[in-house]
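Comments concern the structure below.
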Amino acid sequence: MTEQTSSPRRTVLSGGILVTGASGTVGRAVVDALAEAGQTVIAGMRDPRGWIAEGARRASGTAAGQQPAGPGTARIGTARPGSKPLRAPNQKPARNPAHKPGGLPTSPPPGRTVGAADASAAATGTTGGGGAIVRAFDFADRSTWARALAGVDRVFLLVPPTIGTVGRTLIPFIDQAMEESGVRQIVFLSAPGVRFDTRSPHHVVEQYLKRTRTPHTILRPNVLMQTLSTLYRDDIRLRSEIVLPAGGARVAFVDAADVGRCAARVLTEPGHLGKSYSLAGEESLSFPQVAESLTEVLGRPIRYTATTEAEFAELAAKQGVTGPDIAAQASWYRAARRRLTALPNRGIRRLTGRPATTLRGFIEDHRQTWL
(Lines of atoms letter the chains of each structure in order from A; the text may use other names.)
(Lines give C-alpha, C1' and ligand atoms only; values in the text may rest on other atoms or scores of the structure.)
Protein backbone atom coordinates (compact mmCIF):
# COMPACT_ATOMS: atom_id res chain seq x y z
CA MET A 155 0.00 0.00 0.00
CA THR A 156 1.46 3.35 -1.02
CA GLU A 157 0.53 6.87 -0.01
CA GLN A 158 1.73 9.92 -1.84
CA THR A 159 1.92 13.60 -1.04
CA SER A 160 3.26 16.46 -3.12
CA SER A 161 7.02 16.86 -2.98
CA PRO A 162 9.78 18.51 -5.03
CA ARG A 163 11.34 16.25 -7.65
CA ARG A 164 14.73 14.98 -6.60
CA THR A 165 17.71 15.50 -8.88
CA VAL A 166 20.54 12.99 -9.10
CA LEU A 167 22.42 12.77 -5.80
CA SER A 168 26.05 11.74 -5.51
CA GLY A 169 27.03 12.34 -1.88
CA GLY A 170 27.12 9.90 1.00
CA ILE A 171 24.19 8.29 2.78
CA LEU A 172 24.11 8.42 6.58
CA VAL A 173 22.47 5.37 8.14
CA THR A 174 21.47 6.10 11.72
CA GLY A 175 21.19 3.13 14.04
CA ALA A 176 23.64 1.26 11.84
CA SER A 177 24.49 -1.23 14.58
CA GLY A 178 20.86 -2.39 14.84
CA THR A 179 19.21 -5.15 12.86
CA VAL A 180 17.53 -2.95 10.25
CA GLY A 181 20.41 -0.46 10.17
CA ARG A 182 22.90 -3.22 9.38
CA ALA A 183 20.64 -4.50 6.59
CA VAL A 184 20.41 -1.01 5.08
CA VAL A 185 24.20 -0.57 5.25
CA ASP A 186 24.74 -3.93 3.53
CA ALA A 187 22.21 -3.21 0.78
CA LEU A 188 23.62 0.25 0.06
CA ALA A 189 27.20 -1.02 0.03
CA GLU A 190 26.18 -3.78 -2.38
CA ALA A 191 24.66 -1.09 -4.60
CA GLY A 192 28.01 0.72 -4.67
CA GLN A 193 26.92 3.69 -2.57
CA THR A 194 29.08 5.66 -0.16
CA VAL A 195 27.68 4.60 3.21
CA ILE A 196 28.23 6.43 6.49
CA ALA A 197 27.34 4.09 9.36
CA GLY A 198 26.33 6.21 12.34
CA MET A 199 26.43 4.59 15.77
CA ARG A 200 27.21 5.41 19.37
CA ASP A 201 30.18 3.04 19.62
CA PRO A 202 32.18 2.72 16.38
CA ARG A 203 34.81 0.65 18.18
CA GLY A 204 32.17 -1.96 18.95
CA TRP A 205 31.31 -2.20 15.24
CA ILE A 206 34.95 -2.62 14.24
CA ALA A 207 35.58 -5.20 16.96
CA GLU A 208 32.50 -7.20 16.01
CA GLY A 209 33.51 -7.03 12.34
CA ALA A 210 36.86 -8.54 13.27
CA ARG A 211 35.13 -11.27 15.28
CA ARG A 212 32.81 -12.05 12.40
CA ALA A 213 35.75 -12.27 10.01
CA SER A 214 37.48 -14.68 12.37
CA GLY A 215 34.33 -16.74 12.91
CA THR A 216 34.12 -15.95 16.64
CA ALA A 217 31.29 -13.39 16.59
CA ALA A 218 28.49 -13.70 19.08
CA GLY A 219 24.82 -13.55 18.09
CA GLN A 220 23.26 -10.41 16.70
CA GLN A 221 21.93 -7.65 18.91
CA PRO A 222 18.26 -7.90 19.92
CA ALA A 223 16.13 -6.67 17.07
CA GLY A 224 12.90 -4.87 16.48
CA PRO A 225 11.68 -2.03 14.30
CA GLY A 226 14.16 0.74 14.89
CA THR A 227 16.52 -0.95 17.34
CA ALA A 228 20.18 0.09 17.49
CA ARG A 229 22.13 -0.04 20.72
CA ILE A 230 25.84 -0.55 21.19
CA GLY A 231 27.57 1.37 23.93
CA THR A 232 26.14 3.95 26.32
CA ALA A 233 24.55 7.26 25.45
CA ARG A 234 26.32 10.37 26.59
CA PRO A 235 24.29 13.10 28.30
CA GLY A 236 22.57 15.40 25.85
CA SER A 237 23.71 18.96 25.50
CA LYS A 238 21.50 22.01 25.95
CA PRO A 239 18.91 22.27 23.16
CA LEU A 240 19.69 24.81 20.48
CA ARG A 241 16.09 26.04 20.77
CA ALA A 242 12.86 25.10 22.48
CA PRO A 243 11.53 21.65 21.49
CA ASN A 244 9.24 21.72 18.44
CA GLN A 245 9.94 25.43 17.86
CA LYS A 246 9.33 26.07 14.18
CA PRO A 247 12.69 26.43 12.43
CA ALA A 248 13.28 29.46 10.31
CA ARG A 249 15.85 28.21 7.83
CA ASN A 250 14.91 24.67 6.77
CA PRO A 251 14.75 25.12 2.95
CA ALA A 252 12.13 22.40 2.73
CA HIS A 253 9.69 24.54 4.68
CA LYS A 254 9.12 26.78 1.68
CA PRO A 255 7.92 25.54 -1.72
CA GLY A 256 10.76 25.75 -4.20
CA GLY A 257 13.30 26.25 -1.44
CA LEU A 258 15.10 22.95 -1.94
CA PRO A 259 18.71 23.37 -3.12
CA THR A 260 19.23 22.45 -6.77
CA SER A 261 22.64 20.87 -6.29
CA PRO A 262 24.57 19.20 -3.48
CA PRO A 263 26.56 21.58 -1.27
CA PRO A 264 30.13 22.13 -2.51
CA GLY A 265 32.93 20.24 -0.90
CA ARG A 266 30.61 17.67 0.69
CA THR A 267 30.88 14.68 -1.65
CA VAL A 268 32.53 11.71 0.00
CA GLY A 269 34.03 8.93 -2.08
CA ALA A 270 34.31 5.41 -0.68
CA ALA A 271 38.08 5.61 -0.85
CA ASP A 272 38.35 9.36 -0.27
CA ALA A 273 41.09 10.34 2.15
CA SER A 274 38.96 13.13 3.61
CA ALA A 275 36.24 10.61 4.43
CA ALA A 276 38.71 8.37 6.16
CA ALA A 277 39.80 11.37 8.20
CA THR A 278 36.29 11.91 9.56
CA GLY A 279 35.41 8.29 10.24
CA THR A 280 36.66 4.74 10.43
CA THR A 281 36.30 2.34 7.56
CA GLY A 282 34.25 -0.60 8.77
CA GLY A 283 32.97 -3.85 7.36
CA GLY A 284 30.92 -3.92 4.18
CA GLY A 285 32.65 -0.83 2.74
CA ALA A 286 30.96 1.54 5.21
CA ILE A 287 32.63 4.55 6.80
CA VAL A 288 31.86 4.34 10.50
CA ARG A 289 31.29 7.56 12.46
CA ALA A 290 30.27 8.23 16.04
CA PHE A 291 26.68 9.41 16.16
CA ASP A 292 24.26 9.85 19.04
CA PHE A 293 20.88 11.59 18.89
CA ALA A 294 21.44 12.64 22.52
CA ASP A 295 24.81 14.27 21.79
CA ARG A 296 24.58 17.16 19.33
CA SER A 297 28.33 17.47 19.11
CA THR A 298 28.31 14.30 16.97
CA TRP A 299 25.77 15.49 14.42
CA ALA A 300 27.79 17.76 12.13
CA ARG A 301 30.65 15.31 11.75
CA ALA A 302 28.29 12.42 11.01
CA LEU A 303 26.51 14.53 8.37
CA ALA A 304 29.69 15.73 6.59
CA GLY A 305 29.49 14.86 2.90
CA VAL A 306 25.99 13.43 3.26
CA ASP A 307 23.00 14.28 1.05
CA ARG A 308 20.64 11.49 2.17
CA VAL A 309 19.76 10.07 5.59
CA PHE A 310 18.16 6.83 6.72
CA LEU A 311 16.46 7.84 9.96
CA LEU A 312 15.03 5.68 12.73
CA VAL A 313 13.82 6.11 16.30
CA PRO A 314 15.94 4.15 18.80
CA PRO A 315 13.86 2.70 21.65
CA THR A 316 15.98 4.70 24.09
CA ILE A 317 14.57 7.93 22.63
CA GLY A 318 11.38 9.02 24.36
CA THR A 319 11.06 12.66 23.33
CA VAL A 320 11.74 13.19 19.64
CA GLY A 321 11.09 16.91 20.03
CA ARG A 322 14.49 17.23 21.72
CA THR A 323 16.37 14.79 19.50
CA LEU A 324 15.13 13.69 16.08
CA ILE A 325 13.25 16.89 15.22
CA PRO A 326 16.25 19.20 15.80
CA PHE A 327 18.43 16.66 13.97
CA ILE A 328 16.14 16.82 10.94
CA ASP A 329 16.37 20.61 10.97
CA GLN A 330 20.16 20.59 11.21
CA ALA A 331 20.44 18.04 8.42
CA MET A 332 18.28 20.20 6.12
CA GLU A 333 19.47 23.66 7.15
CA GLU A 334 23.18 23.23 7.65
CA SER A 335 24.26 20.02 5.91
CA GLY A 336 22.41 20.13 2.60
CA VAL A 337 20.59 16.83 3.08
CA ARG A 338 18.04 16.39 0.30
CA GLN A 339 16.17 13.24 1.26
CA ILE A 340 15.25 11.57 4.54
CA VAL A 341 14.00 7.99 4.52
CA PHE A 342 12.23 7.41 7.81
CA LEU A 343 11.71 3.97 9.34
CA SER A 344 8.28 4.12 10.92
CA ALA A 345 5.91 1.40 12.10
CA PRO A 346 2.45 -0.01 11.29
CA GLY A 347 -0.54 1.80 12.73
CA VAL A 348 1.30 4.91 13.94
CA ARG A 349 -0.91 7.15 11.82
CA PHE A 350 -3.67 6.45 14.34
CA ASP A 351 -1.51 6.68 17.47
CA THR A 352 -0.81 10.34 18.17
CA ARG A 353 1.30 9.44 21.23
CA SER A 354 3.78 7.44 19.18
CA PRO A 355 7.16 9.11 18.51
CA HIS A 356 6.94 7.68 14.99
CA HIS A 357 3.66 9.55 14.48
CA VAL A 358 5.26 12.80 15.65
CA VAL A 359 8.18 12.44 13.21
CA GLU A 360 5.93 11.47 10.30
CA GLN A 361 3.73 14.50 10.85
CA TYR A 362 6.71 16.81 11.19
CA LEU A 363 8.23 15.63 7.91
CA LYS A 364 4.92 16.20 6.13
CA ARG A 365 4.09 19.50 7.79
CA THR A 366 7.48 21.05 7.03
CA ARG A 367 7.59 19.73 3.44
CA THR A 368 10.90 18.03 4.13
CA PRO A 369 11.74 15.76 1.16
CA HIS A 370 11.10 12.35 2.65
CA THR A 371 10.06 8.76 2.12
CA ILE A 372 8.41 6.68 4.85
CA LEU A 373 8.83 2.93 5.29
CA ARG A 374 6.49 1.07 7.66
CA PRO A 375 7.71 -2.51 8.05
CA ASN A 376 5.75 -5.20 9.83
CA VAL A 377 7.09 -7.28 12.73
CA LEU A 378 10.57 -8.51 11.85
CA MET A 379 11.36 -12.18 11.43
CA GLN A 380 14.56 -11.45 13.32
CA THR A 381 12.61 -11.20 16.57
CA LEU A 382 12.54 -15.00 16.52
CA SER A 383 16.31 -15.30 16.14
CA THR A 384 17.23 -12.58 18.65
CA LEU A 385 14.65 -11.53 21.22
CA TYR A 386 12.96 -14.93 21.45
CA ARG A 387 15.93 -17.12 20.55
CA ASP A 388 16.50 -18.45 24.06
CA ASP A 389 12.80 -19.17 24.63
CA ILE A 390 12.81 -21.29 21.48
CA ARG A 391 16.25 -22.84 21.91
CA LEU A 392 16.17 -23.57 25.64
CA ARG A 393 12.46 -23.84 26.47
CA SER A 394 10.95 -24.82 23.09
CA GLU A 395 8.27 -22.17 23.32
CA ILE A 396 7.23 -18.73 22.13
CA VAL A 397 5.58 -16.66 24.88
CA LEU A 398 3.99 -13.47 23.57
CA PRO A 399 1.05 -11.13 24.27
CA ALA A 400 -0.21 -11.58 20.71
CA GLY A 401 -3.38 -13.56 21.39
CA GLY A 402 -4.76 -15.07 18.21
CA ALA A 403 -3.25 -12.39 15.97
CA ARG A 404 -1.91 -13.06 12.52
CA VAL A 405 1.21 -11.33 11.23
CA ALA A 406 2.69 -10.83 7.76
CA PHE A 407 6.29 -11.05 8.99
CA VAL A 408 9.05 -9.22 7.14
CA ASP A 409 12.76 -9.97 6.89
CA ALA A 410 15.09 -7.11 7.86
CA ALA A 411 17.17 -7.91 4.77
CA ASP A 412 14.12 -7.14 2.62
CA VAL A 413 13.62 -3.86 4.48
CA GLY A 414 17.27 -3.03 3.82
CA ARG A 415 16.86 -3.66 0.09
CA CYS A 416 13.71 -1.51 -0.01
CA ALA A 417 15.51 1.31 1.79
CA ALA A 418 18.40 1.10 -0.68
CA ARG A 419 16.00 1.38 -3.60
CA VAL A 420 14.15 4.45 -2.33
CA LEU A 421 17.45 6.10 -1.39
CA THR A 422 19.03 5.57 -4.80
CA GLU A 423 16.16 5.79 -7.29
CA PRO A 424 14.05 8.82 -8.28
CA GLY A 425 10.31 8.87 -7.82
CA HIS A 426 9.96 8.06 -4.11
CA LEU A 427 9.79 11.50 -2.51
CA GLY A 428 6.58 12.14 -0.59
CA LYS A 429 5.61 8.45 -0.63
CA SER A 430 4.92 6.01 2.19
CA TYR A 431 5.30 2.26 1.83
CA SER A 432 3.84 -0.48 4.01
CA LEU A 433 6.30 -3.38 3.95
CA ALA A 434 4.87 -6.78 4.77
CA GLY A 435 5.45 -10.37 3.85
CA GLU A 436 3.30 -12.09 1.26
CA GLU A 437 1.79 -14.54 3.76
CA SER A 438 -0.19 -13.92 6.94
CA LEU A 439 0.58 -16.37 9.75
CA SER A 440 -0.75 -17.05 13.22
CA PHE A 441 1.75 -17.74 15.98
CA PRO A 442 0.63 -21.39 16.22
CA GLN A 443 1.61 -21.62 12.53
CA VAL A 444 4.98 -20.03 13.35
CA ALA A 445 5.49 -22.64 16.06
CA GLU A 446 4.50 -25.38 13.60
CA SER A 447 7.13 -24.21 11.08
CA LEU A 448 9.78 -24.14 13.81
CA THR A 449 8.72 -27.63 14.89
CA GLU A 450 9.08 -29.01 11.37
CA VAL A 451 12.44 -27.40 10.66
CA LEU A 452 14.04 -28.04 14.07
CA GLY A 453 12.65 -31.54 14.43
CA ARG A 454 11.27 -31.05 17.93
CA PRO A 455 7.99 -29.66 19.30
CA ILE A 456 7.82 -25.87 19.66
CA ARG A 457 4.69 -24.44 21.28
CA TYR A 458 3.13 -20.99 21.31
CA THR A 459 1.82 -19.64 24.62
CA ALA A 460 -0.35 -16.52 24.59
CA THR A 461 0.15 -14.30 27.63
CA THR A 462 -0.96 -10.90 28.90
CA GLU A 463 1.12 -7.74 28.48
CA ALA A 464 1.76 -7.63 32.24
CA GLU A 465 2.95 -11.25 32.34
CA PHE A 466 5.06 -10.70 29.26
CA ALA A 467 6.68 -7.57 30.74
CA GLU A 468 7.45 -9.36 34.01
CA LEU A 469 9.05 -12.33 32.24
CA ALA A 470 11.06 -10.10 29.89
CA ALA A 471 12.35 -8.01 32.80
CA LYS A 472 13.53 -11.16 34.58
CA GLN A 473 15.43 -12.10 31.43
CA GLY A 474 17.20 -8.73 31.40
CA VAL A 475 15.23 -6.97 28.69
CA THR A 476 15.30 -3.19 29.16
CA GLY A 477 12.19 -1.13 29.89
CA PRO A 478 12.21 0.67 26.51
CA ASP A 479 12.55 -2.64 24.68
CA ILE A 480 9.68 -4.16 26.64
CA ALA A 481 7.49 -1.17 25.82
CA ALA A 482 8.43 -1.36 22.14
CA GLN A 483 7.66 -5.07 21.95
CA ALA A 484 4.34 -4.61 23.74
CA SER A 485 3.36 -1.97 21.20
CA TRP A 486 4.14 -4.31 18.29
CA TYR A 487 1.85 -7.00 19.63
CA ARG A 488 -0.81 -4.50 20.59
CA ALA A 489 -0.82 -3.53 16.91
CA ALA A 490 -0.93 -7.22 15.98
CA ARG A 491 -3.98 -7.83 18.18
CA ARG A 492 -5.66 -4.89 16.45
CA ARG A 493 -4.94 -6.63 13.11
CA LEU A 494 -2.70 -3.78 11.93
CA THR A 495 0.06 -6.23 10.95
CA ALA A 496 -2.11 -9.01 9.53
CA LEU A 497 -2.48 -7.99 5.90
CA PRO A 498 0.15 -9.29 3.47
CA ASN A 499 1.14 -7.23 0.46
CA ARG A 500 3.58 -7.16 -2.44
CA GLY A 501 5.29 -3.91 -1.53
CA ILE A 502 8.69 -5.55 -1.20
CA ARG A 503 8.30 -7.30 -4.55
CA ARG A 504 7.27 -4.06 -6.25
CA LEU A 505 10.17 -2.07 -4.81
CA THR A 506 12.95 -4.63 -5.22
CA GLY A 507 11.75 -6.87 -8.03
CA ARG A 508 12.07 -9.88 -5.72
CA PRO A 509 9.41 -11.67 -3.65
CA ALA A 510 9.48 -11.16 0.08
CA THR A 511 11.34 -13.76 2.13
CA THR A 512 9.04 -16.44 3.50
CA LEU A 513 9.10 -17.24 7.20
CA ARG A 514 9.76 -20.90 6.45
CA GLY A 515 12.75 -19.91 4.32
CA PHE A 516 14.05 -17.63 7.06
CA ILE A 517 13.76 -20.41 9.66
CA GLU A 518 15.56 -22.86 7.39
CA ASP A 519 18.36 -20.38 6.71
CA HIS A 520 18.83 -19.65 10.43
CA ARG A 521 18.18 -23.15 11.78
CA GLN A 522 21.44 -23.26 13.72
CA THR A 523 20.31 -20.28 15.79
CA TRP A 524 17.82 -22.40 17.74
CA LEU A 525 19.75 -25.65 18.07
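Under the numbering used here, the first residue of the sequence shown is numbered 155, with each subsequent residue one higher. Beta carbons are placed, not taken as given, at the ideal position from N, Cα and C, and that holds for glycine.
- Here D329 is buried. Its C-beta has 16 or more other C-beta atoms within 10 Å.
- Between P315 and D519 the beta-carbon gap is near 26 Å, outside 8 Å, which marks them as no contact.
- Taking the CA atoms as reference points, R492 sits about 31 Å from T368.
- Contiguous alpha helix (DSSP H) elements confined to the region 367-405 occur at 380-383 and 387-393, taking only those with 4 or more residues.
- Taking the Cβ atoms as the reference, A345 lies roughly 25 Å from A189, outside the contact range of under 8 Å.
- In this model, Q473 and R503 are separated by some 37 Å (Cα to Cα).
- Taking 8 Å as the upper bound for CB-CB distance, Q483 and L385 are in contact here, some 7 Å apart.
- Listed in chain order, the non-local C-beta contacts of E395 below 6 Å within the same chain comprise D389, R457 and T459, local neighbours out to five positions each way being set aside.
- DSSP places S430 inside the beta strand (DSSP E), whose first and last residues are K429 to L433.
- Apart from the 5 residues on each side of it in sequence, F327 sits with its Cβ closer than 7 Å to the Cβ of F293 and W299 in its chain, given in chain order.
- By the neighbour-count definition (other C-beta atoms within 10 Å, threshold 16), A464 is an exposed residue.
- Nearest C-alpha to A176 among A471, G477 and D201: D201.
- About 12 Å separates the beta carbons of L303 and I340, which is beyond the 8 Å limit, so they are not a contact pair.
- A direct Cα-to-Cα measurement between E468 and V173 gives close to 33 Å.
- The closest CA to that of L392, considering only L525, A183, V180 and Y431, is found on L525.
- Less than 7 Å separates the beta-carbon of V306 from that of G169.
- A183 is a Cβ neighbour of A411, given a cutoff of 7 Å.
- Restricting attention to beta strand (DSSP E) runs no shorter than 3 residues, the region 437-502 encloses them at 457-460, ordered along the chain.
- If you draw a straight line from the Cα of G181 to the Cα of E450, it comes to about 31 Å.
- The alpha-carbon of G402 is positioned some 29 Å away from that of I372.
- When DSSP states are grouped into helix, strand and coil, D519 belongs to the helix group.
- Annotated three-state conformation of L312 is coil, per DSSP.
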